[in-house]
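Here the structure comes first, spelled out in structure tokens, and everything after it is commentary.
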């Protein structure tokens, strides 16, 4: 197997994309858990998502031009997991879509 820099770069970009998807999922799940009142677990997931985003900003060439980590002001844009939102709309979780047909499971 040769050391193909193009192939390696492609793999690095795939890993980066997967990490960012993981961070997005952790943030989404953390937000849902916060809405359900599971604040400790929500905070853990939201903090992990922020860690992944910060690591990407420090290491990815497209984001290192700024050269500084995420500030506390930027973090304040993320909803706090330790307290419920004051917005009634933010506390509501949408019900699942029941209009789509469920595919039959082969037996």
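Residue numbers (this note's numbering): 2 to 108.
We put the CB at the ideal spot given by N, CA and C, even for glycine.
Here residue 14 carries a helix assignment [DSSP, helix/strand/coil]. Under the DSSP assignment, residue 46 falls in the alpha helix (DSSP H) whose first and last residues are 40 to 60. A direct Cα-to-Cα measurement between residue 9 and residue 46 gives close to 30 Å. Of the residues 15, 21, 13, the one whose Cα lies closest to the Cα of residue 51 is 21. For residue 37, the three-state secondary structure derived from DSSP is coil. When the Cα atoms are used, residue 49 and residue 15 turn out to be separated by approximately 20 Å. In this structure residue 41 is not in contact with residue 31, their Cβ atoms being roughly 11 Å apart against a cut-off of 8 Å.
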